[in-house]
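Read through the structure below, which is laid out as structure tokens, and then see the notes.
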Amino acid sequence: MTTTATTAPRPGTAADAPHEKGSGTTLNVFSHAFLVLWVVLAAGPLIWVALTAFRPSAEILSDPMGWPASFHWENFTNAWNKANIGQYTVNSLIILAGSLTGTMLLGSMAAYVIARFTFPGNRLVFMLFAGGMMFPVILALVPLFAVMENFGLLDTRAGLMIAYIAYSLPFTTFFLTSFFRTLPTGVQEAAMVDGASHTRTFFQIMLPMAKPGLVSIGIFNFLGQWNQYLLPLLLNNEDEKSYVLPQGLASLAVSQGYRGDWGALFAGLTIAMLPVLVVYAVFQRQVQAGLTAGALK
Amino acid sequence: MSLKAPPSPASSGRGRGGRAAGPVSRRSGIARLGPLPWIAPVILLILAVVVWPVIELIRTSFLNISIAGKVRGSAGTDKFEKLFEESDFGAVLTWTVIWTVVVVTATMLLSLALAQLFNQKFPGRRITRWALIAPWAASVLMTAIGFKWMLNQTAGVLNTLMLDLGLIDSSKDWLGKPETAWPWMMAVAVFVSLPFTTYTLLAGLQTIPQDVYEASRIDGAGPWQTYRHITLPMLRPAFLVGVVINLINVFNSFPIIWAMTQGGPGYDTSTSMVFMYKLKETDIGESAAMSVVNFLMVVVLVLIFLKVSRWNEED
Chain A
516 MTTTATTAPR PGTAADAPHE KGSGTTLNVF SHAFLVLWVV LAAGPLIWVA
566 LTAFRPSAEI LSDPMGWPAS FHWENFTNAW NKANIGQYTV NSLIILAGSL
616 TGTMLLGSMA AYVIARFTFP GNRLVFMLFA GGMMFPVILA LVPLFAVMEN
666 FGLLDTRAGL MIAYIAYSLP FTTFFLTSFF RTLPTGVQEA AMVDGASHTR
716 TFFQIMLPMA KPGLVSIGIF NFLGQWNQYL LPLLLNNEDE KSYVLPQGLA
766 SLAVSQGYRG DWGALFAGLT IAMLPVLVVY AVFQRQVQAG LTAGALK
Chain B
50 MSLKAPPSPA SSGRGRGGRA AGPVSRRSGI ARLGPLPWIA PVILLILAVV
100 VWPVIELIRT SFLNISIAGK VRGSAGTDKF EKLFEESDFG AVLTWTVIWT
150 VVVVTATMLL SLALAQLFNQ KFPGRRITRW ALIAPWAASV LMTAIGFKWM
200 LNQTAGVLNT LMLDLGLIDS SKDWLGKPET AWPWMMAVAV FVSLPFTTYT
250 LLAGLQTIPQ DVYEASRIDG AGPWQTYRHI TLPMLRPAFL VGVVINLINV
300 FNSFPIIWAM TQGGPGYDTS TSMVFMYKLK ETDIGESAAM SVVNFLMVVV
350 LVLIFLKVSR WNEED
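Chain order of the listed sequences is A and B. Just so we're aligned: the first sequence equals residues 516 to 812 in this note's numbering. Just so we're aligned: the second sequence equals residues 50 to 364 in this note's numbering.
Right under this line is the structure:
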């Protein structure tokens with residue numbers, strides 16, 4: 516990806532050319548070897564998982580590193596239907612639809628207020644978020660269980676969504692606060708002077724302006740929540756039918772030992788990776804644009 | 050994200066004399082409460098789901114609770130004393146520090162190299178950038194389980210491969226012994242930390258204007274000099290963000306160790322997080338005490354973080 520609009524403007528191509536030439540020589544054999552090694556290490560296992568998903572279980576066991584002799588789609592149907600991966604995927608999507616929307620909406624509202632309004636306790640609220648960022652889910656396991664039980668939210672979709680939102684909010688708000696601060700104030704002020712309400716200013720002016728930041732933190736949250744394992748393990752472990760994808764895959768990974776359906780496991784893993792790759796493919800450009808503008812200014 | 054704390058009141062964009070140019074007039078009481086409905090639900094949520102557990106945790110660490118969950122009165126500081134007297138406590142803390150320092154250092158160095166490479170134009174850059182996201186796309190838990198299979202003594206790919214190449218005489222139980230388990234787990238932790246860190250540094254590199262490099266080249270600086278005196282100083286904000294985020298994540302990391310060794314044998318491959326989790330099985334109060342100690346260590350991290358952000362502000 517070349518530089519985007521948010522990065523510092525590059526000088527004209529004429530001035531740029533010598534530099535590019537210089538870096539071309541820097542990128543010597545050693546660097547190339549390093550990159551190739553990285554690609555093999557990083558993407559290799561994923562490609563192997565995806566390829567293995569097309570092989571029958573017996574073949575996988577006898578020769579784990581082999582190439583698929585022919586492409587077998589039945590692993591996918593087995594995983595989807597028999598191993599309930601279909602059900603788990605739907606559960607994950609439903610939870611994510613609620614939690615991601617909630618996180619982004621509440622997080623951007625809070626960030627907007629912290630970044631753009633002075634009110635008593637502004638600093639304290641900001642510290643609350645910064646502090647919350649440091650507090651991992653794993654420390655809170657026992658008390659969080661009690662909290663959710665008290666509110667009657669244990670083993671409910673709403674409860675899981677709320678927990679996801681609460682643990683994603685600190686970083687989201689923290690990130691977006693600095694992002695909103697980098698946006699020019701003029702447009703917002705003009706809108707307010709023209710009599711636009713807070714709500715209208717926020718949704719019609721500020722949110723569109725903050726799009727790059729929203730996209731990158733949105734993807735960050737998507738990855739985190741899609742792969743979240745501890746929270747569902749703690750709050751959503753009662754009924755196997757309501758498992759989310761990581762739970763389903765983990766239990767499949769444990770049970771393949773005696774059921775021997777390795778093919779279904781690999782197919783399940785592949786299914787779980789697909790949405791992540793799609794989202795990444797669609798938003799790749801914005802991720803970097805957002806990081807550039809939000810993270811570092 | 051900026052490491053700066055919010056500006057003090059009245060400093061952000063409404064310094065136009067007495068005119069209430071900003072969205073909020075500082076004179077009007079009602080207008081000052083204006084944003085509260087916007088932020089109240091978020092604060093309530095954080096208080097209920099994040100802060101309340103912290104308070105409960107601290108309370109539990111001073112209670113005597115049976116395995117069945119019955120509160121048998123106050124335990125005073127007994128649980129903390131019991132924790133500090135655990136024979137493994139010192140080793141666990143030492144390993145937690147080693148784990149955090151090694152993983153964060155290795156992650157930052159490798160990410161610097163990767164970001165530098167990815168910032169240049171070369172054939173196949175698209176594909177390598179796609180590979181960059183790969184460890185991020187698969188969940189940490191699944192990556193750790195995958196590595197565990199690879200390292201398996203009887204069926205693991207690694208043993209088979211090394212035997213075939215003649216690197217080892219007999220297959221090894223890599224995760225069974227702490228001295229081989231630690232390096233492998235650290236490698237996995239670095240592996241999963243690289244994507245985010247490299248992206249942050251890459252973003253940092255792209256904010257450096259090209260004409261600075263141009264000037265340095267004209268002044269006759271070599272590539273290494275340019276890197277040391279121009280790239281590194283200008284990369285500092287991104288670098289600090291990377292270090293801080295990684296410190297927090299690596300310190301709090303749980304799934305990698307849990308999936309690969311469960312902190313065993315004994316507590317030999319446990320960080321304080323894993324130790325805390327394992328104590329939960331035997332003594333909830335002591336586990337809570339460990340959590341409080343953990344949390345205090347996290348708070349120290351926060352303080353370092355705030356200090357770092359102040360350094361940042363002085364620039």
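In this text, a Cβ means the ideal position worked out from N, Cα and C, and glycines have one as well.
When CB distances to chain A are screened at a threshold of 8 Å, the residues of the region 281-298 of chain B falling below it are P286, A287, V290, I297, in chain order. Between the region 578-598 of chain A and the region 692-710 of chain A, the count of Cβ pairs shorter than 8 Å is below three; the stretches do not touch. For Q740 (chain A), same chain residues with a beta-carbon under 7 Å away, outside a window of 5 residues either side, are L611, S614, L615, Y679, S683 in chain order. Chain B has a Cβ within less than 7 Å of the Cβ of I653 (chain A). When C-alpha distances from L556 (chain A) are compared across B:P184, B:W273, B:L200, the shortest belongs to B:P184. With a 10 Å radius around the Cβ and a threshold of 16 neighbouring Cβ atoms, N665 (chain A) comes out exposed. Between the region 239-256 of chain B and the region 157-165 of chain B there are three or more inter-stretch CB-CB distances shorter than 8 Å, so the stretches are counted as touching. In the three-state scheme derived from DSSP, where H, G and I count as helix and E and B as strand, R121 (chain B) is classed as strand. In the structure shown, I217 (chain B) falls within a coil segment according to DSSP collapsed to helix, strand and coil.
Per the coordinates, the alpha-carbon of I95 (chain B) lies some 54 Å from the alpha-carbon of G269 (chain B). With contact defined as three or more Cβ pairs closer than 8 Å, the region 318-336 of chain B and the region 279-294 of chain B are not in contact. By alpha-carbon distance to P658 (chain A), the top candidate from B:P102, B:A308, B:V237 is B:P102. Unbroken alpha helix (DSSP H) stretches of 4 residues or longer found wholly inside the region 557-629 of chain A: 572-577, 589-592, given in chain order. By the C-beta density criterion, S757 (chain A) is buried, having at least 16 other C-beta atoms within 10 angstroms. Identification of chain B residues near P761 (chain A) by a Cβ-Cβ cut-off of 7 Å yields S188, L190, ordered along the chain.
Just so you know, the alpha carbons of L166 (chain B) and R715 (chain A) end up roughly 44 Å apart. Rounded to whole angstroms, the gap between the alpha carbons of G617 (chain A) and V189 (chain B) is 24 Å. By the beta-carbon neighbour count (other beta carbons within 10 angstroms, threshold 16), V708 (chain A) is exposed. For F634 (chain A), the closest Cβ of chain B is nearer than 7 Å.
Runs of the alpha helix (DSSP H) lying entirely within the region 678-739 of chain A and spanning at least 4 residues, in chain order: 701-708. Measuring C-alpha to C-alpha distances from L112 (chain B) to each of B:E130, B:V99, B:A238, B:V100 identifies B:E130 as the nearest. Taking C-beta atoms under 8 Å as the contact rule, I92 (chain B) and V640 (chain A) qualify, at a distance of about 7 Å.
One Cα belongs to P244 (chain B), the other to N599 (chain A), and the distance between them is close to 31 Å. At a C-beta separation below 7 Å, F303 (chain B) has these neighbours in chain A: I653. Sequence-distant partners of N590 (chain A) (beyond 5 residues in either direction) whose C-beta falls short of 6 Å from its own C-beta, in its chain, are A568, G778, A779, A782. According to DSSP, residue pairing for I114 (chain B) in a beta bridge involves B:V120. Excluding the 5 residues flanking it on each side, K197 (chain B) has same chain C-beta neighbours closer than 7 Å at L224, A308, M309, in chain order. For L207 (chain B), the closest Cβ of chain A is not nearer than 7 Å.
Per the coordinates, the alpha-carbon of L566 (chain A) lies some 10 Å from the alpha-carbon of P560 (chain A). In the three-state reduction of the DSSP assignment, M283 (chain B) falls in the helix class, which pools H, G and I. In this structure, the CA atom of G291 (chain B) is about 44 Å from the CA atom of G122 (chain B).
The beta-carbon distance between V702 (chain A) and I720 (chain A), rounded to whole angstroms, is 6 Å. This is short enough to meet the 8 Å contact definition.
Note that the C-beta distance between M649 (chain A) and V347 (chain B) is below 7 Å.
Of all residues in the region 168-183 of chain B, the ones placed with a Cβ closer than 9 Å to any Cβ belonging to chain A are N168, Q169, K170, F171, G173, R174, R175, I176, T177, R178, W179, A180, L181, I182, A183, in chain order. In the DSSP annotation of this structure, M649 (chain A) is not part of any alpha helix (DSSP H), being labelled neither H nor E.
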